[in-house]
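Engineer:
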Amino acid sequence: MSITFQTNSILTTVQDLGRNNYRKFGINPNGAMDKHAVRLINILLGNDENEAVLEMHFPAPVIKFDENAVITLGGADFGATIDDKPVENWRICFVEKGSTLKFTEKRFGARLYLSVKSGFVVEKWLESASVNLIAGIGKSLKKDDVLKFKSNSQVANHQSKIADSLLPIYSKFPTVRVVAGADFEKLNGFSEQNFLKTTFFISKDSNRMGFRLTGEPLYLSDNTELISSAVNFGTIQLLPNGQLIILMADHQTTGGYPNIANVISTDLPLLAQLNPNDKVAFHQVSIAEAERLTLQFERDLAFLKTGITFRK
Amino acid sequence: MKFTIFPLGDNALTISFGNIISPKTNDQVFQLAEFIEKNRFAGFIETVPAYSSLSIFFSIPEVRKNYQTFKTSFEFVKNFVETSLEKVSDVKPTKPRLIEIPMSFEKNVALDLEELSEHKHLSIQQVIEIFTSKTYRVFMLGFLPGFAYMGEVDKRIATPRKQTPRLKVPKGSVGIAGNQTGIYPLESPGGWNIIGKTELEMFTRNEESPTLLQPADLVKFIAA
Numbered sequence: 001m002s003i004t005f006q007t008n009s010i011l012t013t014v015q016d017l018g019r020n021n022y023r024k025f026g027i028n029p030n031g032a033m034d035k036h037a038v039r040l041i042n043i044l045l046g047n048d049e050n051e052a053v054l055e056m057h058f059p060a061p062v063i064k065f066d067e068n069a070v071i072t073l074g075g076a077d078f079g080a081t082i083d084d085k086p087v088e089n090w091r092i093c094f095v096e097k098g099s100t101l102k103f104t105e106k107r108f109g110a111r112l113y114l115s116v117k118s119g120f121v122v123e124k125w126l127e128s129a130s131v132n133l134i135a136g137i138g139k140s141l142k143k144d145d146v147l148k149f150k151s152n153s154q155v156a157n158h159q160s161k162i163a164d165s166l167l168p169i170y171s172k173f174p175t176v177r178v179v180a181g182a183d184f185e186k187l188n189g190f191s192e193q194n195f196l197k198t199t200f201f202i203s204k205d206s207n208r209m210g211f212r213l214t215g216e217p218l219y220l221s222d223n224t225e226l227i228s229s230a231v232n233f234g235t236i237q238l239l240p241n242g243q244l245i246i247l248m249a250d251h252q253t254t255g256g257y258p259n260i261a262n263v264i265s266t267d268l269p270l271l272a273q274l275n276p277n278d279k280v281a282f283h284q285v286s287i288a289e290a291e292r293l294t295l296q297f298e299r300d301l302a303f304l305k306t307g308i309t310f311r312k
Numbered sequence: 313m314k315f316t317i318f319p320l321g322d323n324a325l326t327i328s329f330g331n332i333i334s335p336k337t338n339d340q341v342f343q344l345a346e347f348i349e350k351n352r353f354a355g356f357i358e359t360v361p362a363y364s365s366l367s368i369f370f371s372i373p374e375v376r377k378n379y380q381t382f383k384t385s386f387e388f389v390k391n392f393v394e395t396s397l398e399k400v401s402d403v404k405p406t407k408p409r410l411i412e413i414p415m416s417f418e419k420n421v422a423l424d425l426e427e428l429s430e431h432k433h434l435s436i437q438q439v440i441e442i443f444t445s446k447t448y449r450v451f452m453l454g455f456l457p458g459f460a461y462m463g464e465v466d467k468r469i470a471t472p473r474k475q476t477p478r479l480k481v482p483k484g485s486v487g488i489a490g491n492q493t494g495i496y497p498l499e500s501p502g503g504w505n506i507i508g509k510t511e512l513e514m515f516t517r518n519e520e521s522p523t524l525l526q527p528a529d530l531v532k533f534i535a536a
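These protein sequence lines map, in sequence, to chains A and B.
Counting from 1, one number per residue, gives the positions in the first sequence under this note's numbering.
Counting from 313, one number per residue, gives the positions in the second sequence under this note's numbering.
Here's what the structure looks like:
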């Protein structure tokens with residue numbers, strides 16, 4: 001049971017929810033950029049939330065199925081078709097042996113996920129299937145590569161679609177919520193206003209490691225050079241030229257630039273779906289609010305899971 | 313001991329002992345890391361030691377489920393770290409490991425050795441002797457998987473990063489940047505002054521400790 005990549009694509013990698021416990025060795029967690037999308041489609045298929053999926057960018061590969069499969073797509077919308085019939089995201093989809101999955105146009109977002117019922121056959125390194133291109137673990141899948149999957153069972157859950165209320169509210173101009181970072185207080189008055197009241201463009205120089213932003217330059221009242229310390233997915237650093245960078249899934253584990261703020265976990269998927277020239281604004285919230293939003297999403301997922309388990 | 317604790321996003325926090333590089337502060341970081349690793353709380357994910365700070369990653373749902381008297385998981389973990397800090401001085405620190413790294417200073421791999429020695433008005437042999445006479449400590453890992461920041465390099469050979477970084481520094485290259493030294497575990501762009509190369513593999517096949525060098529290790533370079 002396998003799929004075959006019939007074309008090359010921009011960056012197609014196997015990802016799961018990431019590789020924890022190794023940051024102290026300089027090994028970054030990697031993992032899907034839009035973890036909510038991955039968790040949702042895996043739950044819908046009855047998979048473990050952490051089951052490895054494909055993360056694709058546009059142009060995405062043409063994929064041929066050599067066996068029956070049950071799949072779900074989620075995240076970005078690339079106008080998916082199976083044998084030229086449109087396929088919706090967030091929905092259980094039965095794929096017949098010999099069918100071809102294509103992505104016709106970039107309609108929305110940046111990263112599309114494909115999960116297959118029971119999962120792909122993948123090698124793990126340090127407890128995770130997530131590709132780490134810097135460490136040479138795994139690779140970007142190319143034309144003629146074959147990826148095996150574990151089951152051709154055509155049995156799916158009764159529930160066929162994820163309720164809209166559970167989906168991230170994606171936008172090309174999201175306001176993402178942040179909590180203050182260690183150096184937030186050092187922003188001078190004007191810069192604090194500019195950070196929270198103006199908008200920033202995602203520059204072309206943006207990838208899985210980080211998004212460089214362009215906007216009003218920001219200045220600190222104290223420019224003491226900082227000694228490196230740990231950084232996080234969502235850390236917003238101020239570069240010496242006054243511009244910001246947001247660290248994303250493949251970021252280095254440590255950094256020495258001032259840490260202005262950190263995007264809250266709940267809003268990282270909104271960032272993950274941005275493309276160059278999209279815009280973003282920041283809204284500051286308290287830790288308590290950030291945690292409340294995380295707990296709310298976890299409760300929603302637990303509810304979805306229960307519904308699916310009961311109907312099996 | 314002065315310290316500050318601040319959030320590193322909503323699922324991590326950092327305790328900082330100041331903006332300084334010193335073996336003493338770094339020891340405090342490692343002792344606290346070890347203590348927390350041995351006395352884990354429910355929802356603990358991992359610690360990341362750096363020069364003068366320790367970051368702790370945690371699961372918000374797990375912490376909140378298990379410690380309901382705290383308003384936020386940040387408040388709980390902050391309290392846990394402060395309490396640990398009071399207890400940590402009673403714990404005898406673990407003796408660090410000593411790792412020997414054989415390395416070559418041959419011209420074809422020591423890409424910047426000649427320039428560095430000329431700049432420092434030393435012979436190549438003197439630079440090698442000064443460099444290999446010291447035992448270095450691993451202050452932290454970062455930059456690349458398995459890349460250890462080691463120090464401190466003798467003042468006589470300490471050299472700032474190159475103005476223009478190389479696009480490709482070969483795997484195993486040993487470099488100097490300021491008073492720090494490090495080994496490139498992989499081919500990578502980089503701006504450190506390359507004075508030699510080791511053939512030792514910086515990754516192990518051990519899941520518990522996947523990299524040869526670990527925080528707090530002592531390292532001695534041997535001219536081979």
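Here a beta-carbon is modelled for each residue, glycine too, at the ideal position from N, C-alpha and C.
On a predicted model such as this, the values are computed, not experimentally measured, just so you know.
Report buried or exposed for R208(A), applying the criterion of at least 16 other Cβ atoms within 10 angstroms of its Cβ.
Structural biologist: By 1-based counting over the first sequence, the position of residue 208(A) is 208. Under this definition R208(A) is a buried residue.
Engineer: Find the nearest neighbour of N28(A) within the set V285(A), I308(A) and G210(A), judged by alpha-carbon distance.
Structural biologist: As a working mapping, residue 28(A) is identified with position 28 in the first sequence. The option with the nearest alpha carbon to N28(A) is G210(A).
Engineer: What residue range does the beta strand (DSSP E) around F5(A) cover?
Structural biologist: Walking along the first sequence from the start, residue 5(A) turns up at place 5. Start and end: S2 to F5.
Engineer: Using a Cβ cut-off of 8 Å (strictly closer), state whether K24(A) contacts chain B.
Structural biologist: For the purposes of this step, residue 24(A) is taken as residue 24 along the first sequence, with counting starting at 1. Yes, K24(A) counts as interfacial toward chain B.
Engineer: Does S328(B) pass the burial test, meaning 16 or more other C-beta atoms within 10 Å, or should it be called exposed?
Structural biologist: Here residue 328(B) is taken as the residue at index 16 of the second sequence, counted from 1. Under this definition S328(B) is a buried residue.
Engineer: Would you mind telling me which residues of chain A sit closer than 8 Å to T523(B), beta carbon to beta carbon, in chain order?
Structural biologist: Position 211 of the second sequence, counting from 1, holds the residue named residue 523(B). Per Cβ cutoff of 8 Å: F25, G26 and I27.
Engineer: For the region 212 to 273 of chain A, which segments carrying the alpha helix (DSSP H) assignment without a break, of at least 4 residues, lie completely within its bounds, in sequence order?
Structural biologist: Correct list: 268 to 272.
Engineer: Is it the case that the Cβ atoms of P497(B) and L530(B) are separated by a distance below 8 Å?
Structural biologist: As a position in the second sequence, residue 497(B) is number 185, starting the count at 1. As a position in the second sequence, residue 530(B) is number 218, starting the count at 1. Not in contact: P497(B) and L530(B) (Cβ atoms no closer than 8 Å).
Engineer: Going by other Cβ atoms of all chains shown within 10 Å of its Cβ, with 16 needed for buried, is I534(B) buried or exposed?
Structural biologist: Here residue 534(B) refers to the residue found at position 222 when the second sequence is read from its first residue. Looking at its Cβ environment, which holds fewer than 16 other Cβ atoms inside 10 Å, I534(B) is exposed.
Engineer: Does D529(B) come within less than 8 Å of chain A when only Cβ atoms are used?
Structural biologist: On the second sequence, residue 529(B) is found 217 positions in, with the first residue counted as 1. Cβ-Cβ to chain A under 8 Å: no for D529(B).
Engineer: Going along chain B, which residues have a C-beta under 8 Å from R179(A)?
Structural biologist: Translated into the one-based positions of the first sequence, residue 179(A) becomes position 179. The question names Arg, but residue 179(A) is Val in the sequence shown. Simply P319, G321 and D322.
Engineer: Got a sec, what are the start and stop residues for the beta strand (DSSP E) Q492(B) sits in?
Structural biologist: Taking the first residue of the second sequence as 1, we reach residue 492(B) at position 180. Where Q492(B) is concerned, the enclosing beta strand (DSSP E) stretches over Q492 to I495.
Engineer: Show which residues of chain B have a CB atom less than 9 Å away from the CB atom of S206(A).
Structural biologist: By one-based count along the first sequence, residue 206(A) stands at place 206. Correct list: empty, because the minimum Cβ distance to chain B is about 18 Å.
Engineer: Helix, strand or coil for K312(A), going by three-state DSSP, please let me know.
Structural biologist: Counting from one through the first sequence, the residue named residue 312(A) turns up at place 312. Here the model assigns K312(A) a pLDDT of 47, short of 50, so the residue's position is not dependable and the matter cannot be decided.
Engineer: Taking DSSP as the reference, what is the three-state secondary structure of E441(B)?
Structural biologist: Along the second sequence, one-based indexing puts residue 441(B) at 129. Note: E441(B) maps to helix in three-state DSSP.
Engineer: So which residues on chain B does T175(A) lean against when the C-beta distance must stay under 8 Å?
Structural biologist: Taking the first residue of the first sequence as 1, we reach residue 175(A) at position 175. Within chain B, no residue comes near T175(A); the closest Cβ sits about 17 Å away, beyond 8 Å.
Engineer: Determine, using beta carbons only, whether L17(A) and S140(A) come nearer to each other than 8 Å.
Structural biologist: As a first step, residue 17(A) must be located in the first sequence, where it is residue number 17. As a first step, residue 140(A) must be located in the first sequence, where it is residue number 140. Their beta carbons are not under 8 Å apart, which means L17(A) does not touch S140(A) by this criterion.
Engineer: What span of residues does the alpha helix (DSSP H) with Q193(A) cover, start to end?
Structural biologist: As a position in the first sequence, residue 193(A) is number 193, starting the count at 1. Segment G189 to K197, the alpha helix (DSSP H) holding Q193(A).
Engineer: Can you pull the chain B residues whose beta carbon is under 7 Å from the beta carbon of G234(A), in chain order?
Structural biologist: Working through the first sequence from its first residue, we reach residue 234(A) at position 234. The contacting residues are G321.
Engineer: Quick one: list the residues of chain B neighbouring G136(A), beta-carbon separation under 7 Å, in chain order.
Structural biologist: In the first sequence, counting from the first residue as 1, residue 136(A) sits at position 136. Per Cβ cutoff of 7 Å: L498.
Engineer: Between V176(A) and V280(A), is the Cβ-Cβ spacing less than 8 Å?
Structural biologist: For this step, residue 176(A) is matched to residue 176 along the first sequence. For this step, residue 280(A) is matched to residue 280 along the first sequence. Their beta carbons are under 8 Å apart, which means V176(A) touches V280(A) by this criterion.
Engineer: Alpha carbon to alpha carbon, how far is E289(A) from R473(B)?
Structural biologist: Locating residue 289(A) in the first sequence gives position 289, counting from the first residue. Locating residue 473(B) in the second sequence gives position 161, counting from the first residue. Roughly 42 Å between the two C-alpha positions.
Engineer: Is R19(A) close to chain B, meaning its C-beta is less than 8 Å from at least one C-beta of that chain?
Structural biologist: As a position in the first sequence, residue 19(A) is number 19, starting the count at 1. False, the Cβ-Cβ gap to chain B never drops below 8 Å.
Engineer: Would a check of beta-carbon distances place I372(B) closer than 8 Å to chain A?
Structural biologist: As a position in the second sequence, residue 372(B) is number 60, starting the count at 1. True, the Cβ-Cβ gap to chain A drops below 8 Å.
Engineer: Quickly, what does DSSP pair I411(B) with across the bridge? List them, please.
Structural biologist: Position 99 of the second sequence, counted from the start, is the residue given in the question as residue 411(B). According to DSSP, which records beta bridges pairwise, I411(B) is partnered with V531(B).
Engineer: Could you give the residue range of the beta strand (DSSP E) that holds F347(B)?
Structural biologist: Translated into the one-based positions of the second sequence, residue 347(B) becomes position 35. F347(B) -> not in any beta strand (DSSP E); alpha helix (DSSP H) instead, spanning P335 to K350.
Engineer: Using a Cβ cut-off of 9 Å, which residues of the region 220 to 231 of chain A contact any Cβ in chain B, in chain order?
Structural biologist: Answer set for the region 220 to 231 of chain A: T224, E225, L226, I227, S228, S229, A230 and V231.
Engineer: If you compare alpha carbons, which of A32(A), L226(A), A80(A) and Q6(A) is closest to L239(A)?
Structural biologist: As a first step, residue 239(A) is located in the first sequence; it is residue number 239 there, counting from the start. If we check each option's Cα against that of L239(A), L226(A) comes out closest.
Engineer: Any C-beta of chain B sitting closer than 8 Å to the C-beta of A182(A)?
Structural biologist: Position 182 of the first sequence, counted from the start, is the residue given in the question as residue 182(A). Yes, A182(A) counts as interfacial toward chain B.
Engineer: Do K24(A) and V450(B) come within 8 Å of each other at the CB atom, strictly closer than that value?
Structural biologist: By 1-based counting over the second sequence, the position of residue 450(B) is 138. By 1-based counting over the first sequence, the position of residue 24(A) is 24. No. Outside cutoff.
Engineer: Within the 8 Å Cβ cut-off, does M452(B) reach chain A?
Structural biologist: As a working note, residue 452(B) is residue 140 in the second sequence. Answer yes: the Cβ-Cβ gap between M452(B) and chain A drops below 8 Å somewhere.
Engineer: Leaving out the 5 sequence neighbours to the left and right, which residues in its chain are closer than 6 Å to E105(A) when beta-carbon positions are compared?
Structural biologist: Numbered from its first residue, the first sequence carries residue 105(A) at position 105. Answer for E105(A): G79, listed in chain order.
Engineer: Our contact map puts I41(A) next to S115(A) with C-beta atoms below 8 Å; I'd like the distance itself, whole angstroms only.
Structural biologist: For the purposes of this step, residue 41(A) is taken as the residue at position 41 of the first sequence. For the purposes of this step, residue 115(A) is taken as the residue at position 115 of the first sequence. Indeed they touch by this definition, with Cβ atoms about 5 Å apart.
Engineer: Is it buried or exposed for Y257(A), if we count other Cβ within 10 angstroms and need 16 for buried?
Structural biologist: As a first step, residue 257(A) must be located in the first sequence, where it is residue number 257. Classification of Y257(A): buried, given that the 10 Å Cβ count is 16 or more.
Engineer: Could you please tell me which residues of the region 451 to 481 of chain B, in chain order, have their CB closer than 7 Å to any CB of chain A?
Structural biologist: Hits within the stretch, in order: M452, L453, G454, F455, L456, P457, G458 and F459.
Engineer: Could you please give the first and the last residue of the uninterrupted alpha helix (DSSP H) stretch that includes R39(A)?
Structural biologist: Sequence index remark: in the first sequence, residue 39(A) carries index 39 (1-based). Start and end: K35 to L44.
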